[in-house]
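Novice: Take this structure first; my questions come after.
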């Protein structure tokens, strides 16, 4: 073949599934090694968390607005608040005291404006 063999697409479906299967196998082996009794632990059902344009971390919802317009940043922040509240309601995140403090400050500034 002139020009050498065709370069394989590194992101093709067959290869992706092969890689995923390999990862799953190696994780299963790690789990077995970690638990010498070999018992399969039943994973508790966790509520599915979906967040657009951001990640849910242990601490909360992290939104990374990188080089976005002010409008987009504002929307993301709004969404962050909404998702955080939702996660607290379903009990994934603990309610933090700092939020109450922030609310108090916001109310104070609103009163000061009047």
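In the working numbering, the protein residues as written are 20 to 133.
Think of the CB as a built atom: it goes at the ideal place given N, C-alpha and C, for glycine as much as any other residue.
For the alpha helix (DSSP H) that residue 95 lies in, which residues bound it at each end?
Specialist: Mapped onto the chain shown, residue 95 falls at position 76. Note, residue 95: alpha helix (DSSP H), 89 to 109.
Novice: Look at the alpha carbon of residue 30 and the alpha carbon of residue 91, and state the distance between them as a whole number of angstroms.
Specialist: Counting from one through the chain shown, the residue named residue 30 turns up at place 11. Counting from one through the chain shown, the residue named residue 91 turns up at place 72. Whole-angstrom Cα-Cα distance: 31 Å.
Novice: Among the residues of its own chain, which have a CB less than 6 Å from the CB of residue 107, if the five just before and after it don't count?
Specialist: Here residue 107 corresponds to residue number 88 of the chain shown, with the count starting at 1. 114.
Novice: What do you get for residue 34, buried or exposed, if any count of 16 or more other CB atoms within 10 angstroms of its CB means buried?
Specialist: Taking the chain shown and counting its residues from 1, one reaches residue 34 at position 15. Exposed, by the Cβ-count rule.
Novice: Count the other CB atoms within 10 Å of the CB of residue 95; is the residue buried (16 or more) or exposed (fewer)?
Specialist: As a working note, residue 95 is residue 76 in the chain shown. Buried, since its Cβ has 16 or more Cβ neighbours within 10 Å.
Novice: Report the three-state DSSP secondary structure of residue 114 (helix, strand or coil).
Specialist: Residue mapping note: residue 114 aligns to position 95 of the chain shown, counting from 1. Residue state, collapsed to three classes: coil.
Novice: To the nearest angstrom, report how far apart residue 99 and residue 89 are at their CA atoms.
Specialist: Here residue 99 refers to the residue found at position 80 of the chain shown. Here residue 89 refers to the residue found at position 70 of the chain shown. Answer to the nearest angstrom: the Cα atoms are 15 Å apart.
Novice: Specify the secondary structure class of residue 26 as computed by DSSP and reduced to three states.
Specialist: On the chain shown, residue 26 is found 7 positions in, with the first residue counted as 1. It is coil, neither helix nor strand.
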